[in-house]
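Encoded as structure tokens, the structure appears first; notes follow it.
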Amino acid sequence: MVAELQVKNRPAIAAVPNEPALSVQGLNVRFGAQTVLSNVQMDLEDGRYACLLGESGSGKSTLLAAIAGLIKPQAGSIRLRGQNVFTAGGMQISPEKRGIGMVFQDAALWPHLRVIDNVLFPLRAQGLPVDRERAMLLLEKMNIPATAAKRKPHELSGGQRQRVAIARAIIARPRLVLLDEPLSAVDQGVREEIRYFLRTLFREEGIAALHVTHDPSEAFYLGQHVGVLHSGHLEQWDQPEKLFRFPASENVARLSGSVRSLPVKIIQYQGGKAEVALANGQKIWVPGADTLREGKPGLLLLRPGDIDCDGPEAAFAGEAIHSHWSDGRYLVHLRAFGQHELLSYSQQSSLGPRHWQIYPNHGWCIPAETSATQEKTL
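Counting along the sequence shown from 1, when you hit position 37 you're at 37 in my numbering, and nothing is skipped either side.
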């Protein structure tokens with residue numbers, strides 16, 4: 001019986017008005033001698049959907065586990081809705097008292113419960129009124145037919161099970177939901193469908209979410225804000241457009257799309273632009289970060305759309321070493337200055353000598369050694 005699975009009601013912590021849904025400050029996590037998270041700082045405002053983007057081993061799932069209370073950090077603090085749930089001085093509120101919804105990679109539904117009872121389980125576990133009408137409405141919004149509500153999880157497809165897990169995570173209206181790679185185990189077509197449901201449903205519900213993924217397209221589609229984790233450091237935490245256009249580091253740039261870099265020397269910096277010297281000695285002006293310093297080395301980050309390789313009068317000589325068809329045009333791999341590889345869109349597939357140039361006001365220059373950790377309120 002479902003009643004046998006009920007646990008003692010443990011009320012979620014009270015919300016403090018005008019406080020972020022989540023605030024993480026100076027968080028450090030170590031496993032033995034290995035530092036997994038280092039001085040992570042981030043604020044997530046109520047009702048916002050954010051994504052954490054990072055490669056395997058970057059620390060993103062560890063950060064979710066720390067926020068959920070499943071592991072204990074060695075330093076820092078975590079606040080939910082203005083209330084401390086962890087401090088390095090010793091406070092550690094248990095996971096079930098944090099009032100957080102969770103969605104895992106494998107759905108993790110109760111196999112012996114019907115779909116409707118899986119969705120209703122958080123309400124019963126917390127001693128809240130059992131709202132079947134809301135449960136059925138959430139299933140409908142997730143494109144689960146009403147006839148499936150009486151089925152067991154094994155009678156559903158993988159994509160349907162994951163949608164049921166999402167409905168279960170928000171049925172009790174938590175102020176924060178953590179999603180750990182929720183779409184990585186479903187097929188591409190289903191993944192795109194669930195992305196749409198996530199984007200619309202969470203905004204309708206006004207529930208804050210922190211979604212972990214290794215897929216840049218997923219992060220930029222879903223995230224009203226996106227963070228990039230690399231080797232345990234949160235290198236940037238920003239709006240998607242700013243993160244794409246003004247990456248704080250080369251790691252951020254590479255994780256947010258196809259990018260290549262050229263080493264440059266900073267000649268001068270004025271009004272958001274830097275005069276830089278390229279490998280051949282030629283000087284050009286490009287947009288750049290305000291952390292650039294005259295006389296110091298820099299990295300000029302270039303995406304395919306920043307470079308023109310079709311103009312015969314272009315400034316620089318190069319060589320097209322590879323090309324392939326991509327989204328109605330060719331993506332050309334260029335060898336520049338004899339040793340650096342760049343990417344450019346082109347209407348031509350031909351290999352061999354090519355002249356290329358950087359479009360005006362394109363590219364983005366950062367210091368050559370950038371280890372940026374930004375703290376932003378989102």
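Each residue gets a CB set at the ideal place from its N, CA and C atoms; glycine is no exception.
Looking at the DSSP output, Gly101 sits in a beta bridge with Val177. Burial check for Gln347: the Cβ neighbour count within 10 Å stays below 16, so the residue is exposed. For the stretch 100 to 143, the continuous beta strand (DSSP E) assignments of 3+ residues that do not extend past its boundaries occur at 100 to 103, in sequence order. Assignment of beta-bridge partners to His333 by DSSP yields His322 and Leu343. Contact between Gln160 and Ile144 is confirmed by a C-beta separation of about 6 Å, below the 8 Å threshold. Here Lys141 is not near Arg114, since their CB atoms are 8 Å or more apart. In this structure, Arg175 lies away from Leu183, with their beta-carbon atoms at least 8 Å apart. Inter-residue distance for Gln224 and Pro353 is about 42 Å (C-alpha atoms, whole angstroms).
The C-alpha of Pro304 is placed about 17 Å away from the C-alpha of Leu351.
Excluding five sequence positions before and after Gln25, the CB atoms of its chain that fall closer than 7 Å to its own CB belong to Gln41, Gly76 and Ser77, given in chain order. For the set Gln83, Asp215 and Leu123, the Cα lying nearest the Cα of Arg168 is the one of Leu123.
Taking the C-beta atoms as reference points, Ala185 is found nearer than 8 Å to Gly158.
The DSSP-derived three-state label of Gly159 is helix.
Assignment of Glu235 by DSSP, reduced to helix, strand and coil, places it in the strand class.
Residue environment: Asp180 is assigned as buried (16 or more neighbouring CB atoms within 10 Å of its CB, all protein chains considered). One thing to note: Glu19 has its Cβ within 8 Å of the Cβ of Arg81. A distance below 6 Å between beta-carbons, with the five flanking residues on each side excluded, links Leu120 to the following residues of its chain, in chain order: Val130 and Ala135.
In the DSSP assignment, Gln41 falls within the beta strand (DSSP E) that extends over Gln34 to Leu44. Within the DSSP secondary-structure output, Val24 pairs in a beta bridge with Met42 and Ile78.
A distance below 6 Å between beta-carbons, with the five flanking residues on each side excluded, links Tyr330 to the following residues of its chain, in chain order: Ser323, Ser346 and Ser349. Secondary structure at Thr87: strand, using DSSP grouped into helix, strand and coil. Going by C-alpha positions, Gln74 is about 32 Å away from Phe244.
The beta-carbon distance between Arg260 and Glu319, rounded to whole angstroms, is 15 Å. This is too long to meet the 8 Å contact definition. Beta bridge pairing from DSSP links Asp187 with no other residue. Within 10 angstroms of the beta-carbon of Thr62 lie 16 or more other beta-carbons, which makes it buried. Our two residues, Glu155 and Phe197, have alpha carbons roughly 21 Å apart in a direct line. Counting the other CB atoms within 10 Å of its CB gives Asn251 a total of 16 or more, which places it among the buried residues.
The alpha-carbon separation between Ile284 and Glu218 amounts to approximately 35 Å.
Counting of Cβ neighbours within 10 angstroms places Ile321 among the exposed residues, the total staying below 16. Counting the other CB atoms within 10 Å of its CB gives Gln162 a total of 16 or more, which places it among the buried residues. When beta bridges are read from the DSSP output, Asp308 appears opposite Gln357.
In its chain, beyond the 5 residues on either side, Ile266, Tyr269 and Pro367 have a beta carbon closer than 8 Å to the beta carbon of Arg293. Spanning the alpha carbons of Leu178 and Ala209 requires a straight line of approximately 6 Å.
If you check the CB distance, Pro247 and Ser258 do not come in under 8 Å. Around the beta-carbon of Ala68, 16 or more other beta-carbon atoms lie within 10 Å, marking it buried. Taking every protein chain shown into account, the CB of Gln236 has 16 or more other CB atoms within 10 angstroms, so this residue is buried.
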